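Numbered by the numbering used here, the letters in the sequence shown go through residues 10 to 267 in order.
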Amino acid sequence: MIRIRSIVQAAALGALCLLAPAARAEVPANGKAYMDAAYESVESLFKLYDGRPSLPRLSDPVDGKVLADVWNVPAILGKPPYGAADLPILAEIVQKQAGILQAYALFSPPGRKEPDQAANAVEFQDELTRTRVFLLQAAGGALSAINDFSARLKDEDKTEARARGLREMRVGLQEIVVGSALALRAPELRDANRQLIAQAFADNAAGIASALAPPDRNALVSALQQVRPSLKPEAQKAISDFATAVAAAPCEGFCLVN
10 MIRIRSIVQA AALGALCLLA PAARAEVPAN GKAYMDAAYE SVESLFKLYD
60 GRPSLPRLSD PVDGKVLADV WNVPAILGKP PYGAADLPIL AEIVQKQAGI
110 LQAYALFSPP GRKEPDQAAN AVEFQDELTR TRVFLLQAAG GALSAINDFS
160 ARLKDEDKTE ARARGLREMR VGLQEIVVGS ALALRAPELR DANRQLIAQA
210 FADNAAGIAS ALAPPDRNAL VSALQQVRPS LKPEAQKAIS DFATAVAAAP
260 CEGFCLVN
């Protein structure tokens, strides 16, 4: 499966995160094991489709159960808040989910040299939407964990190398969040999928905003507000709720780091 470069680099922070003071993790105790097993099943499923003109579909009665398992948010991610101790696990989970996202986004059937990303965005919108919804919570959780990790560092541990690593990780997570915002602009996206993404933004607003610098917060809200008029009322409300929550979120810790 394909990996997002910035997330792969950021995943190396796992060992670094162990230097933080102990904190109770909110990711379920077996969340990583569940994700690993579900992801392995998805990879095996993808291998069965190697050379075929399509990919596993959520609508398929058999394949859909395998895919749904890897997007089981309660079992894998639990619920916020997330802290410093969650960061290594969340980074690994984000990496794997980003791989699934890109596998669908960059799919190219036999005989086609380059992937048709516009066509893939339409054909695989159910699978891409479910991955984006999962990633919005995982990325929001990781951003929250970055903030907590930064706050727990002792003065002697606040090195430029560590700060640079955290900034790179934040950029990678921000790219994922912005990608979901841009996905809402696609006119071919069905209203049900628009609603799922919009609600995921609303549900994870605090985590997403926690480590983003104010200009990046404002840019994200602006991007979502631009697409808001094309949404159904319920999705419009979710975007408004997101904007309100982001505006009310305090800017502390790593949020202040440019």
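C-beta atoms are modelled at their ideal positions from N, C-alpha and C, and glycine is treated no differently.
From a predicted model like this one, the values you see are computed outputs, not experimental measurements.
> Between residue 13 and residue 213, what straight-line distance do the alpha-carbon atoms span, to the nearest angstrom?
Replying inline: Bear in mind that the predicted position of residue 13 carries a pLDDT of just 44, short of 50, making it too unreliable to give a figure here.
> For residue 181, does the count of other Cβ atoms within 10 angstroms reach 16, so buried, or fall short, so exposed?
Replying inline: Burial is judged here by how many other beta carbons sit within 10 angstroms of a residue's own beta carbon; residue 181 has at least 16 and is buried.
>> Give me, in chain order, the residues of the same chain whose beta-carbon lies closer than 7 Å to that of residue 194; leave out the 5 immediate sequence neighbours on both sides.
In response: Cβ-Cβ distances below 7 Å link residue 194 to 236 in the same chain, with the five nearest sequence neighbours on each side left out; the list follows chain order.
> Looking at the structure shown, is residue 125 part of a helix, part of a strand, or coil, going by DSSP?
Replying inline: Looking at residue 125 - three-state DSSP - the assignment turns out to be coil, as it is neither helix nor strand.
>> Does the stretch 148 to 161 come into contact with the stretch 72 to 90, if we say contact requires no fewer than three beta-carbon pairs (one atom in each stretch) closer than 8 Å?
In response: Contact check between the stretch 148 to 161 and the stretch 72 to 90: three or more CB pairs, one atom from each, fall below 8 Å, which counts as touching.
> So, using beta-carbon positions, are residue 187 and residue 232 closer together than 8 Å?
Replying inline: Yes, the Cβ-Cβ distance between residue 187 and residue 232 is below 8 Å.
> By Cβ distance below 6 Å, which residues in the same chain neighbour residue 62 in space, the five residues on each side in sequence not counted?
Replying inline: If we look at residue 62 and ignore the five residues flanking it on each side, its Cβ neighbours are 118.
>> Classify residue 31: buried if its beta carbon has 16 or more other beta carbons within 10 angstroms, exposed otherwise.
In response: Note that residue 31 scores 45 on pLDDT, short of 50, meaning its location in the model is unreliable; the coordinates nonetheless yield the value given after this. So residue 31 ends up on the exposed side.
> For the alpha helix (DSSP H) that residue 66 lies in, which residues bound it at each end?
Replying inline: No residue range can be given for residue 66, since it is assigned to no alpha helix (DSSP H) and is classified by DSSP as neither H nor E.
> Excluding five sequence neighbours on each side, which residues of the same chain lie with their C-beta closer than 7 Å to the C-beta of residue 143?
Replying inline: So the qualifying residues of the chain are 80, 82, 106.
> Could you check where the alpha helix (DSSP H) with residue 253 kicks off and where it finishes?
Replying inline: For residue 253, the enclosing alpha helix (DSSP H) has its first and last residue at 242 to 257.
> By a C-beta neighbour count over all protein chains shown, 10 Å radius and 16 as the cutoff for buried, is residue 261 buried or exposed?
Replying inline: Note on residue 261: under 16 other CB atoms within 10 angstroms of its CB, so exposed under the neighbour-count rule.
> Fully enclosed by the stretch 150 to 196, which beta strand (DSSP E) runs are 3 residues long or longer?
Replying inline: The stretch 150 to 196 contains no whole beta strand (DSSP E) run of 3 or more residues.
> Terminal residues of the continuous alpha helix (DSSP H) containing residue 239?
Replying inline: Per DSSP, residue 239 belongs to no alpha helix (DSSP H) and is neither H nor E.
>> Taking the alpha carbon of residue 219 as the reference point, which residue from 136, 228, 263 has its own alpha carbon closest?
In response: Nearest to residue 219 by alpha-carbon distance, out of 136, 228, 263, is 263.
> The alpha helix (DSSP H) spanning residue 113 covers which residue range?
Replying inline: Segment 96 to 114, the alpha helix (DSSP H) holding residue 113.
> How many Å lie between residue 206 and residue 189 at the Cα?
Replying inline: The alpha-carbon of residue 206 is positioned some 7 Å away from that of residue 189.
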